[in-house]
Amino acid sequence: MSVPPSSGRGGRHGRHRSLFTRVGRVFDAVRGRMMAIILLAAMPIALIGAVQAWHSYHNTLEAPGYRTDMAVARIDLELHHESEHLASLLQAVARMRLDNGGLARMLELVQSLTGRHYSQIALADDRGNIAAAVGPDHDMTPLTIDEMPRFQGDVKLVAIPDALTGVPDHFRITVAAMIGDDAGRPARAGYLTAIMPLSWRSAMLQTSDPRLDLMQQNGPIEIWVMDSRARATTPLCADCNWQAHPPVRIMQWARFEVTHGMEHDHITLPEGSYSIGRVQGGVYVLTMTRRNASERHAVVMFAISLVTSGVLLLVGLLGASKSADVLVITPLRQLTASVNQWQLGGVYDVRSNWAMPLEVRQLAHAFSKATRRLARHERRLERAQVRQELLLKEMHHRVKNNLQIVASLLNLQAGRIRQPGAREEFAQARDRVRALATLHRYLYADGELYSLNMQSFVRELCGQIMHAIGESDEGRITLDIRVDDLLMVPDQAVPLALIVTEAVSNTIKYAFPDQLHGTLEVGLRALDGGRACLWIADNGVGMAAGRNLRGAEDERGGIGMQLIRGFARQLGGTLQMFEENGTRYVLVFPLKQPDQDELAD
Numbered sequence: 341m342s343v344p345p346s347s348g349r350g351g352r353h354g355r356h357r358s359l360f361t362r363v364g365r366v367f368d369a370v371r372g373r374m375m376a377i378i379l380l381a382a383m384p385i386a387l388i389g390a391v392q393a394w395h396s397y398h399n400t401l402e403a404p405g406y407r408t409d410m411a412v413a414r415i416d417l418e419l420h421h422e423s424e425h426l427a428s429l430l431q432a433v434a435r436m437r438l439d440n441g442g443l444a445r446m447l448e449l450v451q452s453l454t455g456r457h458y459s460q461i462a463l464a465d466d467r468g469n470i471a472a473a474v475g476p477d478h479d480m481t482p483l484t485i486d487e488m489p490r491f492q493g494d495v496k497l498v499a500i501p502d503a504l505t506g507v508p509d510h511f512r513i514t515v516a517a518m519i520g521d522d523a524g525r526p527a528r529a530g531y532l533t534a535i536m537p538l539s540w541r542s543a544m545l546q547t548s549d550p551r552l553d554l555m556q557q558n559g560p561i562e563i564w565v566m567d568s569r570a571r572a573t574t575p576l577c578a579d580c581n582w583q584a585h586p587p588v589r590i591m592q593w594a595r596f597e598v599t600h601g602m603e604h605d606h607i608t609l610p611e612g613s614y615s616i617g618r619v620q621g622g623v624y625v626l627t628m629t630r631r632n633a634s635e636r637h638a639v640v641m642f643a644i645s646l647v648t649s650g651v652l653l654l655v656g657l658l659g660a661s662k663s664a665d666v667l668v669i670t671p672l673r674q675l676t677a678s679v680n681q682w683q684l685g686g687v688y689d690v691r692s693n694w695a696m697p698l699e700v701r702q703l704a705h706a707f708s709k710a711t712r713r714l715a716r717h718e719r720r721l722e723r724a725q726v727r728q729e730l731l732l733k734e735m736h737h738r739v740k741n742n743l744q745i746v747a748s749l750l751n752l753q754a755g756r757i758r759q760p761g762a763r764e765e766f767a768q769a770r771d772r773v774r775a776l777a778t779l780h781r782y783l784y785a786d787g788e789l790y791s792l793n794m795q796s797f798v799r800e801l802c803g804q805i806m807h808a809i810g811e812s813d814e815g816r817i818t819l820d821i822r823v824d825d826l827l828m829v830p831d832q833a834v835p836l837a838l839i840v841t842e843a844v845s846n847t848i849k850y851a852f853p854d855q856l857h858g859t860l861e862v863g864l865r866a867l868d869g870g871r872a873c874l875w876i877a878d879n880g881v882g883m884a885a886g887r888n889l890r891g892a893e894d895e896r897g898g899i900g901m902q903l904i905r906g907f908a909r910q911l912g913g914t915l916q917m918f919e920e921n922g923t924r925y926v927l928v929f930p931l932k933q934p935d936q937d938e939l940a941d
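In the working numbering, the protein residues as written are 341 to 941.
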């Protein structure tokens with residue numbers, strides 16, 4: 341069965357509300373708020389320390405990257421110096437304006453003075469054809485257009501890749517020269533060119549050569565020369581025992597950089613940093629620098645300091661929490677517990693001690709004064725309430741006695757009257773007064789001064805009316821009481837009692853003439869919506885027929901219905917009367933609930 345989307349959203353909202361509620365409960369307590377205050381107070385210092393530590397850590401991580409970038413710059417600078425030195429030698433020879441033989445001998449001298457470092461030093465004519473060459477490389481391939489200088493004084497530097505790997509392994513440096521005749525006069529144009537190896541050998545370098553800093557056996561720096569597509573590499577130092585090739589993922593990264601035309605970039609990994617850069621002649625070099633001992637130590641110390649700071653912060657928070665618990669929360673809990681005990685009727689007792697803060701001690705003292713004062717007021721109120729209840733009971737008792745006296749007087753007066761109609765009116769007035777006396781007796785006897793139990797009251801009231809009319813002993817009329825255990829305030833019980841008195845009296849008088857047997861039903865039930873329903877029904881001949889049988893002297897008996905309707909309006913209810921298989925009164929009225937405070941009292 342699929343779940344509607346709204347239920348999912350409702351579930352997420354419910355989880356969010358639950359999370360917010362739990363967080364709010366944490367910060368609702370004193371401990372949580374003190375933790376928050378401590379964290380907020382320590383946050384600026386912690387942030388400053390964290391920023392400084394992170395800056396130091398970041399610099400430590402980036403230090404190998406800086407060294408690799410500097411290594412690329414050093415390589416470019418050394419190649420530039422070497423090519424400039426060779427170009428200066430060639431230009432010095434070119435300015436001598438010697439003939440072919442003299443230039444050949446001078447090139448041999450240059451080769452000897454440089455320790456035969458260069459693979460080839462040659463003389464070429466104006467078309468690039470090699471006329472004379474010295475050195476171990478006997479390749480007589482003519483110069484290309486790209487290898488020829490464009491003007492006098494120009495120096496052309498071109499990288500020569502290896503035929504197998506495609507990785508540049510030599511530089512060709514070419515300068516323009518003027519070849520002289522036997523007399524030393526300029527005769528024709530030509531070129532002086534030299535092939536300089538790109539790879540270095542530490543054994544061939546002098547002790548003072550700065551390149552020795554880069555070329556160390558198993559040193560922290562390794563350098564590779566790459567082809568134009570970063571597919572093959574060769575170590576720059578031939579005798580430094582470096583790795584033949586960088587790791588595969590570094591080659592993939594270098595290939596990506598070269599493909600996208602990056603002139604320079606570097607990457608930092610846990611084992612070290614790699615930099616790629618373009619140097620003299622458009623050659624790409626890749627350098628690697630490992631982390632030294634101090635950098636590894638700095639990284640370890642950063643991790644240790646981070647863990648230590650977290651542990652110290654946690655210990656500080658736990659200490660602050662425990663201190664807050666001892667110095668603030670426990671006194672407040674004692675104060676709260678004592679107040680709760682006092683609310684439940686116990687004795688308020690909080691003893692001040694050194695662990696309580698001044699404010700808590702002052703608060704406890706203020707509570708002590710307030711509770712003593714409230715206790716005195718409560719005792720006065722209890723005495724006043726007892727007196728009030730006694731007065732109310734006495735009042736209801738006296739009202740009941742007075743009403744009984746009035747009822748007795750009415751009964752005596754009715755006995756002296758000869759006319760049946762007048763005697764009947766006195767009897768009805770007597771019954772109404774007795775109903776009120778019964779109500780006041782319930783209020784006095786049961787002690788329910790603010791509410792009345794209608795179940796027992798209606799039952800006794802109906803029995804009293806039956807007895808007054810003289811129907812209780814014969815058993816001719818069966819009384820069926822269906823009243824719920826319902827509480828009602830006296831303001832509503834009085835008109836309701838008079839309605840029951842009038843309706844029951846009329847039913848007994850008119851519904852069962854000529855000693856007819858029947859049933860009289862009286863019910864009271866609570867309905868939904870704060871309402872109640874009173875019904876009085878019989879299975880007799882009906883009110884209209886009963887009056888017709890009784891004769892015209894009962895025509896004036898309609899005052900009973902007037903009273904019933906008046907009391908129904910006083911209750912704010914709706915009265916309906918049905919004449920079918922007897923008579924049925926139905927009254928629906930709003931039920932006024934007794935005050936809870938009065939019920940509690």
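Ideal placement from N, C-alpha and C gives every residue a C-beta, glycine not left out.
Check: Helix, strand or coil: how does DSSP classify N879 here?
Finding: One-based indexing of the sequence shown puts residue 879 at position 539. Coil.
Next item on the list: Give a yes or no on whether the C-beta atoms belonging to V773 and L750 are separated by under 8 Å.
Entry: Your numbering for residue 773 matches position 433 in the sequence shown. Your numbering for residue 750 matches position 410 in the sequence shown. Contact annotation: V773 and L750 have beta-carbon atoms nearer than 8 Å.
Next item on the list: Would you decide whether M555 is buried or exposed? Buried here means 16 or more other CB atoms lie within 10 Å of its CB.
Entry: Reading the sequence shown from its first residue, position 215 is the one you call residue 555. Counting the other CB atoms within 10 Å of its CB gives M555 a total of 16 or more, which places it among the buried residues.
Margin query: Please state the DSSP three-state secondary structure of T608.
Written below: Against the sequence shown, residue 608 aligns to sequence position 268. The answer is strand: DSSP assigns T608 an E or B state.
Checklist line | Best match in L447, G389, P476, A767 for proximity to S459 [C-alpha to C-alpha] | finding: Against the sequence shown, residue 459 aligns to sequence position 119. Nearest to S459 by alpha-carbon distance, out of L447, G389, P476, A767, is P476.
Item checked: 8 Å Cβ cutoff met for P508 and V598 -> Taking the first residue of the sequence shown as position 1, residue 508 is located at position 168. Taking the first residue of the sequence shown as position 1, residue 598 is located at position 258. No, these two residues do not count as a Cβ contact at 8 Å.
Notebook entry, point to check: Is T670 helix, strand or coil when you go by DSSP?
Noted result: Translated into positions along the sequence shown, residue 670 becomes position 330. Note: T670 maps to helix in three-state DSSP.
Note to self: Please confirm whether D502 has its beta-carbon closer than 8 Å to some beta-carbon of chain C.
What the structure shows: The displayed structure is made up of one protein chain only, and chain C is not part of it.
Checklist line | Contacts around D825, its chain only, beta-carbon distance under 6 Å, and the 5 residues preceding and following it disregarded | finding: As a working mapping, residue 825 is identified with position 485 in the sequence shown. Taken in chain order, the residues that qualify are Q795.
Check: So what does DSSP say about H510, is it helix, strand or coil?
Finding: For the purposes of this step, residue 510 is taken as the residue at position 170 of the sequence shown. For H510, the three-state secondary structure derived from DSSP is strand.
Check: Taking the Cβ atom as the reference point for each residue, do I848 and E800 lie within a distance shorter than 8 Å?
Finding: Residue 848 sits at position 508 when you count from the first residue of the sequence shown. Residue 800 sits at position 460 when you count from the first residue of the sequence shown. E800 is positioned such that its CB atom lies no closer than 8 Å to that of I848.
Notebook entry, point to check: In three-state DSSP terms, what is Q916?
Noted result: Translated into the one-based positions of the sequence shown, residue 916 becomes position 576. In the structure shown, the three-state DSSP call for Q916 is strand.
Next item on the list: Going by CA-CA distance only, name the one from R673, S845, A664, G869 that's closest to L903.
Entry: To locate residue 903, count along the sequence shown from 1; it is residue 563. Selection R673, S845, A664, G869 evaluated against L903 yields S845 as nearest (Cα-Cα).
Notebook entry, point to check: Which whole-angstrom value is the C-beta distance of P404 and R630, which I expect to be below 8 Å?
Noted result: The residue you call residue 404 lines up with position 64 of the sequence shown. The residue you call residue 630 lines up with position 290 of the sequence shown. About 7 Å; that satisfies the 8 Å criterion.
Check: Using DSSP with H/G/I as helix, E/B as strand and the rest coil, what is M828?
Finding: Here residue 828 is taken as the residue at index 488 of the sequence shown, counted from 1. Here M828 sits in strand by DSSP.
Next item on the list: Determine the DSSP secondary structure at N469, reduced to helix, strand or coil.
Entry: On the sequence shown, position 129 is the one that residue 469 refers to. The answer is coil: DSSP assigns N469 none of H, G, I, E or B.
Note to self: I'd like to know whether the C-beta atoms of A851 and D820 end up nearer to each other than 8 Å.
What the structure shows: By 1-based counting over the sequence shown, the position of residue 851 is 511. By 1-based counting over the sequence shown, the position of residue 820 is 480. It is not a contact, given that the beta carbons lie outside the stated cut-off.
Item checked: Classification of F929 by the beta-carbon crowding that lies within 10 angstroms, buried from 16 upward -> Here residue 929 corresponds to residue number 589 of the sequence shown, with the count starting at 1. Residue environment: F929 is assigned as buried (16 or more neighbouring CB atoms within 10 Å of its CB, all protein chains considered).
Next item on the list: Would you kindly work out how many angstroms separate the C-alpha atoms of L939 and G922, rounded to a whole number?
Entry: Here residue 939 refers to the residue found at position 599 when the sequence shown is read from its first residue. Here residue 922 refers to the residue found at position 582 when the sequence shown is read from its first residue. At L939, the pLDDT of 49 sits below 50, so the modelled position is not reliable and the matter cannot be decided from this model.
Item checked: P587 - partner residues in DSSP beta bridges -> In the sequence shown, the residue the question calls residue 587 occupies position 247. P587 pairs with nothing; no bridge assigned.
Next item on the list: Ignore the nearest five residues each way along the sequence and tell me which others in A892's own chain have a CB closer than 7 Å to its CB.
Entry: In the sequence shown, the residue the question calls residue 892 occupies position 552. Annotation note: pLDDT 39 at A892 (below 50); position unreliable, coordinate value reported separately. No residues qualify anywhere along the chain.
Item checked: Terminal residues of the beta strand (DSSP E) in which E562 lies -> Counted from its first residue, the sequence shown places residue 562 at position 222. Its beta strand (DSSP E) spans residues 561 to 566.
Note to self: For H932, report the span of its alpha helix (DSSP H) as first-last.
What the structure shows: For the purposes of this step, residue 932 is taken as the residue at position 592 of the sequence shown. The question names His, yet the displayed sequence has Lys at residue 932. Element bounds for K932: n/a, residue is neither H nor E.
Next item on the list: Check whether the Cβ atoms of G870 and L931 sit closer than 8 Å, and answer yes or no.
Entry: Within the sequence shown, numbered from 1, the residue matching residue 870 stands at position 530. Within the sequence shown, numbered from 1, the residue matching residue 931 stands at position 591. Their beta carbons are under 8 Å apart, which means G870 touches L931 by this criterion.
Notebook entry, point to check: Cβ atoms of T627 and A386: under 8 Å apart, would you say?
Noted result: What you label residue 386 is simply residue 46 of the sequence shown in a count that begins at 1. What you label residue 627 is simply residue 287 of the sequence shown in a count that begins at 1. Not closer than 8 Å, so no.
Margin query: What does the Cβ neighbour count give for T533, buried or exposed, with the cut at 16 atoms within 10 Å?
Written below: Stepping through the sequence shown from its first residue, residue 533 is reached at position 193. Residue environment for T533: buried (at least 16 other C-beta atoms within 10 angstroms of its C-beta).
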